[in-house]
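Worksheet: the structure to be examined is printed underneath.
2 protein chains.
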Amino acid sequence: MRLAEIIAVGSELLTPFHADTNSLFLTEELNQLGVAVIHKSVVPDDRAALGEAFAQALERADLVIATGGLGPTEDDVTREALAELLGRRLLRDDRVLHQIRDRFARLDRPMTPNNERQALVPEGATVFPNDSGTAPGLWVEARGRAILLLPGPPGEARRIFAEQARPVIERRAGNRRMARRLLRVVGLSESGLDHRVAETYKQYEQISTTILATREGIEIHLTIWSEDAPEAARVLDELSARLVALLGEALVSATGETLDEVVARELSLSGSTVAVAESCTGGIVSARLTSLPGSSLFFRGGAVSYSNPMKTIWAGVPAELIEQHGAVSSEVAIAMAEGVRRSAETTLGLGITGIAGPGGGTPEKPVGTVHIALAGESGAEARPFLFGGDRDRIRHLAAQTALDMLRRRLLRGRNERS
Amino acid sequence: MRLAEIIAVGSELLTPFHADTNSLFLTEELNQLGVAVIHKSVVPDDRAALGEAFAQALERADLVIATGGLGPTEDDVTREALAELLGRRLLRDDRVLHQIRDRFARLDRPMTPNNERQALVPEGATVFPNDSGTAPGLWVEARGRAILLLPGPPGEARRIFAEQARPVIERRAGNRRMARRLLRVVGLSESGLDHRVAETYKQYEQISTTILATREGIEIHLTIWSEDAPEAARVLDELSARLVALLGEALVSATGETLDEVVARELSLSGSTVAVAESCTGGIVSARLTSLPGSSLFFRGGAVSYSNPMKTIWAGVPAELIEQHGAVSSEVAIAMAEGVRRSAETTLGLGITGIAGPGGGTPEKPVGTVHIALAGESGAEARPFLFGGDRDRIRHLAAQTALDMLRRRLLRGRNERS
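Protein chains in written order, with our numbering: chain A, 1 to 418; chain B, 1001 to 1418.
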């Protein structure tokens, strides 16, 4: 069992409102078992369309997983379409019926007759009971292939897969497994990064290297398929270490840790505390610093000083300074960082002021102008930026950059201590 | 042209890390033109797999749209696969080559020879120039069908589709169009909502009604396919008006406006100003209130008072009050709302304090306990909540609920004025 195909069933997945997400965690699980996903499709709740999708998938893959369309309503025809294609009868499974009845009784809800349809099982199928819903998972073997039907709700699909389907697939999977490393980088362009590392990763032909620009920075995915797990780990670690050396401070983590996670960890480890005075980012930096458990250990407070008086009242920025340099200036960013650090009695203070747009820009200070300052024991540094894009992107990039400045400062502090 | 199929091309879309998102906005645009999407697939950067996917799609749909795989690298084989399937030659288009060269010159970057591949065009294709990237869109007609190739980056795909492909499709589409209304609801459960409105919407058989629970509340989608646009609008408006009457204050908008948009609009219209003191939500409420352009007109500031002293320093909460009732209490929430309102001199003040977890819970105040207060001219009200779920969900629900309390207050204020 080496190649899988995933079919997401549901007419709502062919509207502009909903994307299939089940296939992402299924792919993660399958890859860990050494099974590659070679094709995915989204098919409406329609017998003919489903039959065709199953037939085509069975031509391509050893394992076909379909999610959705197992519910009680007449729209739900996944099991009927598969039974018809395979020429199998659908039989009522009394144990499943019993479990569904039990579930309704437990929830103290009346069971409508259409729920009985969920107890229909294609001849010869293995039933994977559903402890968190009504429709069970079904495992069918035919034409030398395996077909797994899972309910659509992600929680149910995930649980049935992990607890019941995964062991069956694992027994059939070969010895080939996927091993992976994820490096995260912030502060380089995609082409700048590739330029810096391409020569190195191209020396490792057995490793597939993918560079992906995301909203949170650039990801370097190193993937290897191998029957020799220790050797795969060794070669991945070797390339990873070489990339780490090449990337220097731009490397956020070589372990998949995100920028927010690294900042939180470094703040905790160093015993630092931080407070933020933010204007154009409107609270995003504070929200990210508090997104992880335990943040109250290092985060004291954030002043979202969205008007000039609040910069003075909460962050102690002198009104004259704002009048003299304008609210969007390095001087004010520094005063915000130092003021909030003083006010919250923290070791570090961040100050962010800028113009997120679309209004408010001038020829001297166009939309996207942002000043970010970081204050510590030994004074404050401010840096000017000009971010492109719309309001949402400018706010996001400003927050991202502020957190990255904090990360680099903590990193240098750690290197000095060690 | 009534039926479309979308193929997302890219091996990275068959990993656990990336889902196809282009198909969502393409579906939105196609539906507006009266074209239904009947099938979607994700295919690797592989000539044989792509050829098969195109062949199967051309059996099912009038219009096949493929996104991705048009880049400069050897992995990018979408145009080659299509040309091979259709038995067409690939010819170099000098105008496209010229545009690519221009683009590199403009960006002052060297153009590597592999970029010339992006100027290859299947015989007989129409070229849709790409103003924001290098690979142009391509429109090919064959076998009585149309095929549209778009670059993978969403911004480029979106722009080429909207500006160049859409008019071509519109000319070919029938008179049947999709019309839609989107109602947003906050503060009801999915089943509670359905119970309230099912009897009414079931009277409209020509309208397809879908109720979707999302992170931002519940959406009611009313959809109708019709050749008679005025009649479709009339019947949609009729059902929409009846639902509005049934939903009362739980209705956020009948126009698709989000909670954040409605709050921003009502604050602006009423000339109100607001400030926030938030603890467990860590800045999320401030970030949402400042997410839209023009927010500086009504938002003065947010105090993310994540530690007790900051509640006192920034929001004027007496230390004794915190000692007496605990930081997570209605009394402190009210003091935060009133204090921040006073400090920022706004008409309204929000105070939010709670336990987002996973730590910090006690038998009396378990994780998920949140107190939200709203202060105005005529005093303050506080409400206690117990939200379920993990840290992220609790923070999100607390922010959502605080903004909804603000919305309801503004709504009542407007009703009293009118």
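Beta carbons are placed, not taken as given, at the ideal position from N, Cα and C, and that holds for glycine. Predicted model, so just to flag it, every value in this text is computed and none were measured.
### Message
Closer than 8 Å is the cut-off here; do at least three beta carbon pairs connect the segment 66 to 86 of chain A with the segment 38 to 57 of chain A?
### Response
yes
### Under the three-state DSSP convention, the category Gly-1376 (chain B) falls into
The sequence position of residue 1376 (chain B) within the second sequence is 376, counting from 1. Note: Gly-1376 (chain B) maps to strand in three-state DSSP.
### Query
Under three-state DSSP, which class holds Ala-1303 (chain B)?
As a first step, residue 1303 (chain B) must be located in the second sequence, where it is residue number 303. Strand, per DSSP.
### Query
Using a C-beta cutoff of 8 Å, does Glu-12 (chain A) count as contacting chain B?
Here residue 12 (chain A) corresponds to residue number 12 of the first sequence, with the count starting at 1. Answer yes: the Cβ-Cβ gap between Glu-12 (chain A) and chain B drops below 8 Å somewhere.
### Query
Who are the Cβ neighbours of Glu-1170 (chain B) in its own chain at under 8 Å, not counting the five residues just before and after it?
Your numbering for residue 1170 (chain B) matches position 170 in the second sequence. Cβ neighbours of Glu-1170 (chain B) beyond the five flanking positions: Leu-1033.
### Run of the alpha helix (DSSP H) containing Gly-413 (chain A), from where it starts to where it stops
Indexing the first sequence from 1 puts residue 413 (chain A) at position 413. It spans 391 to 417 - the alpha helix (DSSP H) in which Gly-413 (chain A) sits, taken as one unbroken run.
### Query
Listed in chain order, which residues of the segment 1226 to 1251 of chain B have Cβ atoms closer than 7 Å to some Cβ of chain A?
none
### Task
Determine the closest residue to Ala-198 (chain A) out of A:Gly-302, A:Leu-243, A:Ala-232, with distance taken between C-alpha atoms.
Numbered from its first residue, the first sequence carries residue 198 (chain A) at position 198. Comparing Cα positions, the closest option is A:Leu-243.
### Query
Do you know whose CA, among A:Gly-282, A:Arg-166, A:Glu-12, lies nearest Ile-65 (chain A)'s CA?
Against the first sequence, residue 65 (chain A) aligns to sequence position 65. Ranking A:Gly-282, A:Arg-166, A:Glu-12 by Cα distance to Ile-65 (chain A) puts A:Arg-166 first.
### Task
Starting from Leu-267 (chain A), follow its DSSP beta bridges and name the residues at the other end.
Locating residue 267 (chain A) in the first sequence gives position 267, counting from the first residue. For Leu-267 (chain A), which the question treats as bridged, DSSP gives no partner whatsoever.
### Task
Determine the closest residue to Arg-234 (chain A) out of A:Leu-50, A:Val-252, A:Arg-181, with distance taken between C-alpha atoms.
For this step, residue 234 (chain A) is matched to residue 234 along the first sequence. Residue A:Arg-181 is the option with its Cα nearest to Arg-234 (chain A).
### Query
Should Tyr-306 (chain A) be flagged as near chain B, meaning a C-beta pair shorter than 8 Å?
Against the first sequence, residue 306 (chain A) aligns to sequence position 306. So yes, Tyr-306 (chain A) belongs to the interface.
#### Entry: One or two residues paired with Phe-1385 (chain B) in a DSSP bridge
Numbered from 1 along the second sequence, position 385 holds the residue referred to as residue 1385 (chain B). Paired residue(s): B:Val-1370.
#### Entry: Contacts that Thr-1078 (chain B) makes with chain A (C-beta to C-beta distance below 8 Å)
Residue mapping note: residue 1078 (chain B) aligns to position 78 of the second sequence, counting from 1. Chain A residues near Thr-1078 (chain B): none, gap ~15 Å exceeds 8 Å.
### Task
Examine chain A for any beta-carbon lying closer than 8 Å to the beta-carbon of Trp-1139 (chain B), and answer yes or no.
To locate residue 1139 (chain B), count along the second sequence from 1; it is residue 139. Answer no: the Cβ-Cβ gap between Trp-1139 (chain B) and chain A never drops below 8 Å.
### Message
Among B:Gln-1324, B:Gly-1389, B:Asn-1031, whose alpha-carbon lies nearest the alpha-carbon of Asn-1175 (chain B)?
### Response
The sequence position of residue 1175 (chain B) within the second sequence is 175, counting from 1. It is B:Asn-1031 whose Cα lies nearest to the Cα of Asn-1175 (chain B).
### Task
Provide the residue(s) that pair with Glu-141 (chain A) in DSSP beta bridges, ordered along the chain.
To locate residue 141 (chain A), count along the first sequence from 1; it is residue 141. Its beta-bridge partners are A:Ala-146.
### Task
Evaluate the contact criterion for the segment 375 to 383 of chain A versus the segment 353 to 363 of chain A: three or more CB pairs, one atom per stretch, below 8 Å.
no
### Query
Rounded to a whole number of angstroms, what is the C-alpha to C-alpha distance between Val-168 (chain A) and Arg-177 (chain A)?
Counted from its first residue, the first sequence places residue 168 (chain A) at position 168. Counted from its first residue, the first sequence places residue 177 (chain A) at position 177. If you take the alpha carbons of Val-168 (chain A) and Arg-177 (chain A), they lie about 16 Å apart.
### Message
Using the three-state DSSP reduction, which class does Lys-40 (chain A) fall into: helix, strand or coil?
### Response
In the first sequence, residue 40 (chain A) corresponds to position 40, counting from 1. It is a strand residue.
#### Entry: Integer-rounded CB distance, given that Leu-183 (chain A) should sit under 8 Å from Ser-240 (chain A)
To locate residue 240 (chain A), count along the first sequence from 1; it is residue 240. To locate residue 183 (chain A), count along the first sequence from 1; it is residue 183. Right, the Cβ-Cβ distance comes to about 7 Å (below 8 Å), so this counts as a contact.
#### Entry: Ranges of the beta strand (DSSP E) found wholly within the segment 1057 to 1103 of chain B, counting only runs of at least 3
1063 to 1067, 1090 to 1092
### Message
If we define contact as Cβ-Cβ less than 8 Å, is Pro-1154 (chain B) a contact residue for chain A?
### Response
In the second sequence, residue 1154 (chain B) corresponds to position 154, counting from 1. No, Pro-1154 (chain B) lies away from the interface with chain A (no Cβ there is under 8 Å from its Cβ).
### Task
Under 8 Å by Cβ, that's how I've got Val-43 (chain A) and Ile-7 (chain A) pegged, so tell me the actual separation to the nearest angstrom.
Reading the first sequence from its first residue, position 43 is the one you call residue 43 (chain A). Reading the first sequence from its first residue, position 7 is the one you call residue 7 (chain A). Indeed they touch by this definition, with Cβ atoms about 6 Å apart.
### Task
Quick one: list the residues of chain A neighbouring Asn-1031 (chain B), beta-carbon separation under 9 Å, in chain order.
Position 31 of the second sequence, counted from the first residue, corresponds to residue 1031 (chain B). Going along chain A in sequence order, the residues near Asn-1031 (chain B) (Cβ under 9 Å) are Thr-15, Pro-16.
#### Entry: Under 9 Å from the C-beta of His-1195 (chain B): neighbouring residues of chain A
By one-based count along the second sequence, residue 1195 (chain B) stands at place 195. Those do not exist, as His-1195 (chain B) stays about 13 Å from chain A at its closest Cβ, beyond 9 Å.
### Query
Are Ser-268 (chain A) and Phe-299 (chain A) touching if we call contact CB-CB under 8 Å?
Start at 1 with the first residue of the first sequence, and residue 268 (chain A) comes out as number 268. Start at 1 with the first residue of the first sequence, and residue 299 (chain A) comes out as number 299. No, they are not a contact pair.
### Message
Measuring straight from C-alpha to C-alpha, what distance separates Ala-1382 (chain B) and Gly-1351 (chain B)?
### Response
Taking the second sequence and counting its residues from 1, the one referred to as residue 1382 (chain B) is at position 382. Taking the second sequence and counting its residues from 1, the one referred to as residue 1351 (chain B) is at position 351. Cα to Cα, Ala-1382 (chain B) sits roughly 9 Å from Gly-1351 (chain B).
### Message
Can you check whether the C-beta of Glu-381 (chain A) is within less than 8 Å of a C-beta belonging to chain B?
### Response
To locate residue 381 (chain A), count along the first sequence from 1; it is residue 381. So, not an interface residue.
### Query
Name the chain A residues whose beta carbon is nearer than 7 Å to that of Phe-1054 (chain B)?
The sequence position of residue 1054 (chain B) within the second sequence is 54, counting from 1. Under the 7 Å cutoff, chain A gives no residues; its nearest Cβ is about 13 Å from Phe-1054 (chain B).
### Closer than 9 Å at the beta carbon, the chain A residues around Arg-1391 (chain B)
Residue 1391 (chain B) sits at position 391 when you count from the first residue of the second sequence. Neighbours of Arg-1391 (chain B) on chain A, chain order: Ser-291, Leu-292, Pro-293.
### Message
Counting only Cβ pairs nearer than 9 Å, list the residues of chain B close to His-371 (chain A).
### Response
Residue mapping note: residue 371 (chain A) aligns to position 371 of the first sequence, counting from 1. In chain order: nothing, as chain B lies at least about 17 Å away.
### Message
Would you say the beta carbon of Ser-1279 (chain B) is closer than 7 Å to some non-hydrogen atom of the ligand ADP?
### Response
Absence of the ligand ADP from the depicted structure is noted, as is the absence of any ligand whatsoever, leaving it without description.
### Message
Quick check on DSSP: helix, strand or coil for Ser-1226 (chain B)?
### Response
Here residue 1226 (chain B) refers to the residue found at position 226 when the second sequence is read from its first residue. Ser-1226 (chain B) falls in the strand class under three-state DSSP.
#### Entry: C-beta neighbour in chain B for Leu-207 (chain A), strict 8 Å
Along the first sequence, one-based indexing puts residue 207 (chain A) at 207. According to the sequence provided, residue 207 (chain A) is Ile. The question's Leu does not apply to it. Closer than 8 Å: no.
### Task
Might you give, ordered along the chain, the residues of its own chain that have their beta carbon closer than 6 Å to the beta carbon of Leu-406 (chain A), omitting 5 neighbours on each side?
For this step, residue 406 (chain A) is matched to residue 406 along the first sequence. Answer for Leu-406 (chain A): Val-263, listed in chain order.
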